[in-house]
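Residue numbers (our numbering), protein chains in the order written: chain A, 322 to 521; chain B, 322 to 521.
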């Protein structure tokens, strides 16, 4: 049995949104969504640096929703290779949930996208199998994180609580049910309050 | 011109609710709402003690919505004196927003409830006039805080971010528009992450 810890790291507005409204191919994180991520743009506050480093540290494997991998509506074109250019920041196998079968796509820098058509649990199993004792990270988007939370799949949730109000968009916790969350580490900069929650 | 700083202190669930669903006379903070306040029940964690002390420290005056003072539906009975017994925890003048004129009610321990029928701004003016240089605190409930936030009336918002998910209820930030929030102090216990925001 795999010992993989399952983690997830999301930046969330103070009013609970992880993406702004009107998500599109041109703006996949929605109107205002970029404001959630400014804490890890240069120049970083010294408090935010280790949090960013942890965000970017390679995990054993990732599970990713189809909306995180490609444009929201319709199937991807045959040459769609994700939003991230030739060298995505994952450097590990990424299991993408989709209804469309697709051969794996090997990218530069150690990232390979695998496409899983038989659901979240199957993707988790495959991710844990390749991760071994390393972490499996739920890379997003919000609906995949909600699914993972609602089935109790996440052991540790890191939230960057960003002091902005988006007013509308996609909420992280809608419909996930109750969870036993315990804050185990808090660090704060003017740009975000980073809280690591253990989910038991 | 008054120099009163305007403060507000709310306990909020990780999914953004400051009261649970199904608020009633028997349960004015809604189903599950009490879980938001456990951080200041005995025995307190040492980190939570000064936050509780600050919550209870007398302010110069308070502004309070009608749902915070009395049952949500209908006018209060003539002998309604609030939820708090003979000695409410305010120890200062409290300006209650209502559509029903009422003589002031003087309670034990320095709390006097004044009833303001001409709106939020009028209540703020009266509160600032009696507070002098001391703080005016927006005591709640959520709709009054939203109103105060939406007109830019609050200088400092203290949030106790409690690691529970209520799933439904009353949200603090719905419809308040955008605000420039700056976290200026964070302390955390296992029961809550307390963030003091300056609103500029």
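Positions of the beta carbon are idealized from the N, C-alpha and C atoms, including for glycine.
Contact belief for residue i with residue j at Cβ below 8 Å, rounded distance in angstroms
{"i": "residue 497 (chain A)", "j": "residue 471 (chain A)", "result": "5 Å"}
{"i": "residue 307 (chain B)", "j": "residue 494 (chain A)", "result": "With chain B represented from 322 up to 521, any question about residue 307 (chain B) goes unanswered, as that position is not in the structure."}
{"i": "residue 465 (chain A)", "j": "residue 502 (chain A)", "result": "Not really, about 19 Å apart at Cβ, beyond 8 Å."}
{"i": "residue 338 (chain A)", "j": "residue 490 (chain A)", "result": "4 Å"}
{"i": "residue 433 (chain B)", "j": "residue 427 (chain B)", "result": "5 Å"}
{"i": "residue 505 (chain A)", "j": "residue 372 (chain A)", "result": "About 14 Å separates the two Cβ atoms, so there is no contact after all."}
{"i": "residue 369 (chain A)", "j": "residue 510 (chain A)", "result": "5 Å"}
Strand pairing of residue i, partner residues [DSSP]
{"i": "residue 504 (chain A)", "result": "A:518"}
{"i": "residue 384 (chain A)", "result": "A:416, A:459"}
{"i": "residue 443 (chain B)", "result": "Partner(s): none; residue 443 (chain B) has no beta bridge."}
{"i": "residue 427 (chain B)", "result": "B:433"}
{"i": "residue 328 (chain B)", "result": "B:458, B:477"}
{"i": "residue 334 (chain B)", "result": "B:483"}
{"i": "residue 340 (chain A)", "result": "A:491"}
{"i": "residue 509 (chain B)", "result": "B:514"}
Burial state of residue i, where buried means 16 or more other Cβ atoms lie within 10 Å
{"i": "residue 499 (chain A)", "result": "exposed"}
{"i": "residue 421 (chain B)", "result": "exposed"}
{"i": "residue 355 (chain B)", "result": "exposed"}
{"i": "residue 364 (chain B)", "result": "exposed"}
{"i": "residue 350 (chain A)", "result": "buried"}
{"i": "residue 360 (chain B)", "result": "buried"}
{"i": "residue 398 (chain A)", "result": "exposed"}
Within 9 Å, strictly: CB atoms of residue i and residue j
{"i": "residue 479 (chain B)", "j": "residue 377 (chain B)", "result": "no"}
{"i": "residue 431 (chain B)", "j": "residue 452 (chain B)", "result": "no"}
{"i": "residue 513 (chain B)", "j": "residue 329 (chain B)", "result": "no"}
{"i": "residue 344 (chain B)", "j": "residue 388 (chain B)", "result": "yes"}
{"i": "residue 409 (chain B)", "j": "residue 346 (chain B)", "result": "no"}
{"i": "residue 404 (chain A)", "j": "residue 390 (chain A)", "result": "yes"}
{"i": "residue 341 (chain B)", "j": "residue 327 (chain B)", "result": "no"}
{"i": "residue 332 (chain B)", "j": "residue 358 (chain B)", "result": "yes"}
{"i": "residue 424 (chain A)", "j": "residue 407 (chain A)", "result": "no"}
Pairs of beta-carbons, one from the stretch 372-392 of chain A and one from the stretch 455-469 of chain A, closer than 8 Å: are there three or more? The stretch 372-392 of chain A is in contact with the stretch 455-469 of chain A.
With contact counted as at least three CB pairs below 8 Å, one residue from each stretch, are the stretch 502-521 of chain A and the stretch 480-487 of chain B in contact? Taking a cut-off of 8 Å on C-beta distances, the stretch 502-521 of chain A touches the stretch 480-487 of chain B, as three or more cross pairs fall below it.
Under 8 Å (Cβ pairs) to chain D, residues found in the stretch 402-414 of chain A: Judged by its chain identifiers, the structure shown contains no chain D, and its protein chains are A and B.
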